[in-house]
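Novice: Submitted below is the structure of interest, expressed as structure tokens.
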Amino acid sequence: MRKYDTYKDSGIEWIGEIPSHWEVLNLRKRPFNFEVGKREQTDLKEVVSIGGEHIQEERFFLENLKFVSLEFFETAKNGKIREDDILLVKDGATIGKAMFVDRLPFEKMMLNEHVYKIEANKFFYYIIQSPETQYQFWMNNQSSAQESITSNTLKSFVFCWPSEQEQTAIAAYLDRKTAEIDELIADKKRLLELYEEEKTAIINQAVTKGINPDVPMKDSGIEWLGEIPEHWEVKRLKHLTSIISKGTTPSTVGKEITSQGDVRFIKAENIVNNQVCREPENYIDNETNEVLSRSELHEGDILFVIAGATLGKIAILNNDFLPANTNQAISFIRLIDKSSRVFLWYYLQSLTITRIIWLNAVQSAQPNLSMENLGNFYIPYPSTEEQQSIVRHIENECASIDVKKARTEKLIELLTEYRTALISEVVTGKIKVIGNG
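Here the sequence shown is numbered in my numbering, starting from 4 and rising by one per residue.
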């Protein structure tokens, strides 16, 4: 990489030296137009309304869309999105997320009040993305209860400004280089998906067919299960348990959930990657736990999400999370033979059972699974000794895949860091790209 011939002190600690002929500006000196939109309470779905949640990975995330009426859009003075606009999230935990509008997925689109629209060039978009700029946005929020890029913050942040010819060359260079890096990252992410699919296939094969490829098979008598090893049984989940039940929302008995307390209150959001996660932290007091004693959890309980978007998520509760209780979105399954819980945990997260879960899910305001359907799930059931062999096989095979996943995730992290560093060095003039090709 080439350097510029001469440099000077920018006068800004986090920028350092810049090429001698570059300037340090802010939006008070370089008056790019910026504005926000508004929202409207309407049932009309005529014009898409974009908020911060709709800007992810530098592009539109077109799920859970909101709308405004066509009349509202046409009479609005600000917030209409056009091609070549820069969109910048101004409020909330994701302030600083940005995208450059290469094209509009809808003919008419409007911003709500949580996103800035900036009318500037592609070079300025890379300035917005740079860590030097992001640092300034977050530095101004250290003492604020609600993260926000105020108009004063936006006007005051400082940035490097080369000639127009250099801006064009830098933007073209970064377009090309970031596209190359993004494609590499996308390839690695697809590889991660393949690793997950491989793990799913390993689990599904082991818990439904066993690990001996030469074992004689028989018809299970269950259409969606197909053949199973000849010496296995088929049992219903309810016949393997001492209890299958679910919790209750404390508010239904006049009680509250708090951020601190005596007894952990586990919700569906606490089950992530088939493990219990401490976040979010929710608690009830001992008195509430006594009122809700029917759903007090025990060590080794299998927790199964039976309602909502994460239907089918599953975890085994260990002693670290006790005492604990749960709500009506989670079923707890207490086995008679606790030695089977890891085998059942794997089976209940298998592809076979996932398909059945969603076939049985009752579609109402949100997907849910009845306690009756859960208890009636058919379980291909080998001996305890074979269950343990199957579990060891799954753990060994998945551990090998997890090593490959970890290496790929590290590579994604390094590529992401390289991308950020490249943008930083180019937009602050540490690297000269004009004339480099």
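Note that CB positions come from ideal geometry on N, CA and C, so glycine has one too.
Remember, predicted model here, so these are calculated numbers, not experimental data.
From R267 to I356, what distance separates their C-alpha atoms?
Specialist: By 1-based counting over the sequence shown, the position of residue 267 is 264. By 1-based counting over the sequence shown, the position of residue 356 is 353. Near 29 Å, if we compare the C-alpha coordinates of I356 and R267.
Novice: Can you name the residues that DSSP bridges to K83?
Specialist: As a working note, residue 83 is residue 80 in the sequence shown. M113, per the DSSP bridge assignment.
Novice: Can you pull the DSSP bridge partners for Q59?
Specialist: The residue labelled residue 59 in the question sits at position 56 within the sequence shown. Answer by DSSP bridge pairing, in chain order: R62.
Novice: Given this structure, state the Cα-to-Cα distance separating G19 from L314, to the nearest angstrom.
Specialist: Here residue 19 is taken as the residue at index 16 of the sequence shown, counted from 1. Here residue 314 is taken as the residue at index 311 of the sequence shown, counted from 1. Near 51 Å, if we compare the C-alpha coordinates of L314 and G19.
Novice: So, L325 versus L295, is the Cβ gap smaller than 8 Å?
Specialist: Position 322 of the sequence shown, counting from 1, holds the residue named residue 325. Position 292 of the sequence shown, counting from 1, holds the residue named residue 295. No.
Novice: Let me know if F346 comes out buried or exposed under the rule of 16 or more other beta-carbons within 10 Å of its beta-carbon.
Specialist: Taking the sequence shown and counting its residues from 1, one reaches residue 346 at position 343. Label assigned to F346: buried.
Novice: Pull the bridge partners of W164 from the DSSP assignment, please.
Specialist: Position 161 of the sequence shown holds residue 164. BP columns for W164 point to E26.
Novice: Between Q331 and I130, what straight-line distance do the alpha-carbon atoms span, to the nearest angstrom?
Specialist: The sequence position of residue 331 within the sequence shown is 328, counting from 1. The sequence position of residue 130 within the sequence shown is 127, counting from 1. Cα-Cα distance, rounded: 48 Å.
Novice: Are V39 and K111 closer than 8 Å when you measure CB to CB?
Specialist: Residue numbering aside, residue 39 sits at position 36 when the sequence shown is read from its first letter. Residue numbering aside, residue 111 sits at position 108 when the sequence shown is read from its first letter. Contact flag unset, no.
Novice: By DSSP, does E20 sit in helix, in strand, or in coil?
Specialist: Taking the first residue of the sequence shown as 1, we reach residue 20 at position 17. Three-state result, E20: strand.
Novice: Could you tell me the distance, in whole angstroms, from the CA atom of V430 to the CA atom of E420?
Specialist: For the purposes of this step, residue 430 is taken as the residue at position 427 of the sequence shown. For the purposes of this step, residue 420 is taken as the residue at position 417 of the sequence shown. Those two C-alpha atoms are separated by around 16 Å.
Novice: Any idea if P165 is buried or exposed, counting beta-carbon neighbours within 10 angstroms, 16 or more meaning buried?
Specialist: Residue numbering aside, residue 165 sits at position 162 when the sequence shown is read from its first letter. Buried, because 16 or more other Cβ atoms sit within 10 Å of the Cβ of P165.
Novice: Assuming I393 contacts L351 (C-beta within less than 8 Å), just tell me the rounded distance between them.
Specialist: Counting from one through the sequence shown, the residue named residue 393 turns up at place 390. Counting from one through the sequence shown, the residue named residue 351 turns up at place 348. Wrong, their Cβ atoms sit about 14 Å apart, outside the cutoff.
Novice: Could you pull out every unbroken beta strand (DSSP E) segment of at least 3 residues lying fully inside the segment 326–364, listed in chain order?
Specialist: As far as the segment 326–364 is concerned, its whole beta strand (DSSP E) runs of at least 3 residues are 327–329, 333–338.
Novice: Which whole-angstrom value describes the C-beta separation of A101 and L91, a residue pair presumed to lie in contact below a C-beta threshold of 8 Å?
Specialist: Locating residue 101 in the sequence shown gives position 98, where the first residue counts as 1. Locating residue 91 in the sequence shown gives position 88, where the first residue counts as 1. Right, the Cβ-Cβ distance comes to about 5 Å (below 8 Å), so this counts as a contact.
Novice: Between Y384, E284, E293, E290, which has its C-alpha nearest L228's C-alpha?
Specialist: Taking the sequence shown and counting its residues from 1, the one referred to as residue 228 is at position 225. With distances taken between Cα atoms, L228 lies closest to Y384.
Novice: Going along the chain, which residues of its own chain have a beta-carbon closer than 8 Å to the beta-carbon of G14, five neighbours each way excluded?
Specialist: Within the sequence shown, the letter at position 11 stands for residue 14. V27.
Novice: At which residues does the alpha helix (DSSP H) containing D105 begin and terminate?
Specialist: Numbered from 1 along the sequence shown, position 102 holds the residue referred to as residue 105. First-last for D105: undefined, no H or E at that position.
Novice: Is there contact here, the segment 32–47 with the segment 131–138, by at least three beta-carbon pairs under 8 Å?
Specialist: With a cut-off of 8 Å, the segment 131–138 and the segment 32–47 do not count as touching, because too few Cβ pairs lie within range.
Novice: On the criterion of 16 or more Cβ atoms from any shown chain inside 10 Å, does C280 qualify as buried, or is it exposed?
Specialist: Within the sequence shown, numbered from 1, the residue matching residue 280 stands at position 277. Answer is exposed; the Cβ neighbour count stays below 16.
Novice: Considering only DSSP beta bridges, list what M220 is partnered with.
Specialist: Taking the first residue of the sequence shown as 1, we reach residue 220 at position 217. P232, per the DSSP bridge assignment.
Novice: Can you name the start and end residues of the alpha helix (DSSP H) that R410 belongs to?
Specialist: One-based indexing of the sequence shown puts residue 410 at position 407. Note, R410: alpha helix (DSSP H), 387–430.
Novice: Among L73, A172, E56, which one has its Cα closest to the Cα of L65?
Specialist: Against the sequence shown, residue 65 aligns to sequence position 62. It is E56 whose Cα lies nearest to the Cα of L65.
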